[in-house]
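Participant: The structure is given below, and queries will be raised subsequently.
Next comes the structure, spelled out in structure tokens:
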């Protein structure tokens with residue numbers, strides 16, 4: 001992980017660290033910094049509670065699986081980094097709005113059309129907020145389609161029938177999310193290019209790129225066996 005730029009201001013005794021797309025001011029004294037960590041823990045526990053509500057909305061009832069899912073999310077070691085590191089606060093905040101997006105979308109699919117538009121509008125707002133705190137919100141739109149397949153079962157019949165005219169309304173609902181995803185993806189790409197973070201194929205060869213693409217396998221394995229959770233990923237300097 002690269003070092004983040006920090007600026008020490010002697011008179012105000014604060015430190016400026018880059019966080020997502022905006023700065024966060026961190027007091028240099030330890031007591032106030034501890035308060036910041038407490039807020040991170042509270043945010044994380046809020047995520048666990050919302051996770052439970054999302055599970056209830058998906059299952060349409062309160063059951064042990066919803067409570068277990070929320071508990072596992074709240075105490076799993078993989079969540080430690082995002083809570084303990086203030087520079088990873090973006091994970092907690094983007095995760096909060098991600099779950100709110102899922103919850104609002106599930107509500108939109110189970111209410112009358114008039115109220116459905118309100119919940120869809122709220123889902124778009126929370127979806128945009130994901131990218132404000134963390135630039136990669138493009139995969140959330142795909143998750144909404146997966147929700148339509150299961151558990152909402154909004155697509156009827158075989159896969160070939162999902163693209164018939166009577167199913168267009170389900171697809172058109174995703175247009176605002178796709179527009180937001182494309183817009184934020186272009187902004188993120190421009191920002192990466194402006195700071196020289198993009199690597200050429202000669203600097204970052206294809207096998208390494210493919211390995212990074214399948215990095216999610218690490219998360220799946222460590223979700224089951226949470227040991228050795230600090231992989232060191234090193235990119236060689238261009239020579």
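In the numbering used here, the protein residues as written are 1 to 239.
Here a beta-carbon is modelled for each residue, glycine too, at the ideal position from N, C-alpha and C.
1) Return the chain-ordered list of same chain residues with a C-beta closer than 8 Å to the C-beta of residue 73, the five sequence neighbours on each side being excluded.
2) When the Cβ atoms of the stretch 136-154 are set against those of the stretch 168-184, are three or more pairs found closer than 8 Å?
3) Using three-state DSSP, classify residue 200 as helix, strand or coil.
4) Measure the C-alpha to C-alpha separation of residue 200 and residue 158 and round it to an integer number of angstroms.
5) Can you tell me whether residue 101 is buried or exposed, with buried defined as 16 or more other CB within 10 angstroms of its CB?
6) If you compare alpha carbons, which of 56, 67 and 93 is closest to residue 41?
7) Among residues of its own chain, excluding the 5 on either side of residue 81, which ones have a beta-carbon nearer than 7 Å to its beta-carbon?
8) Looking at the structure shown, is residue 177 part of a helix, part of a strand, or coil, going by DSSP?
9) Evaluate residue 95 with the Cβ neighbour count: other Cβ atoms within 10 Å of its Cβ, from every protein chain shown; 16 or more gives buried, anything less gives exposed.
10) Please work out which residues of its chain come closer than 7 Å, Cβ to Cβ, to residue 226, disregarding the five sequence neighbours upstream and downstream, and give them in chain order.
11) Can residue 167 and residue 155 be called in contact, C-beta distance under 8 Å?
Facilitator: Concretely, from the data shown:
1) Counting only residues of its own chain and dropping the five nearest sequence neighbours on each side, residue 73 has a CB closer than 8 Å to the CB of 47, 48, 51 and 79.
2) Three or more Cβ pairs drawn from the stretch 136-154 and the stretch 168-184 lie within less than 8 Å of each other, which places the two stretches in contact.
3) Residue state for residue 200 is assigned as coil, using DSSP reduced to three classes.
4) Between residue 200 and residue 158, the alpha-carbon positions lie close to 42 Å from each other.
5) A residue is called buried when at least 16 other Cβ atoms come within 10 angstroms of its Cβ; residue 101 meets this threshold and is buried.
6) The option with the nearest alpha carbon to residue 41 is 93.
7) Contacts found: 88.
8) In the structure shown, residue 177 adopts helical secondary structure according to DSSP, grouped into three states.
9) The C-beta of residue 95 has 16 or more other C-beta atoms within 10 Å across all chains shown, which makes the residue buried.
10) Non-local C-beta neighbours of residue 226 in its own chain, meaning closer than 7 Å and more than five positions away in sequence, comprise 76, 77 and 78, ordered along the chain.
11) In this structure, residue 155 lies closer than 8 Å to residue 167 by Cβ.
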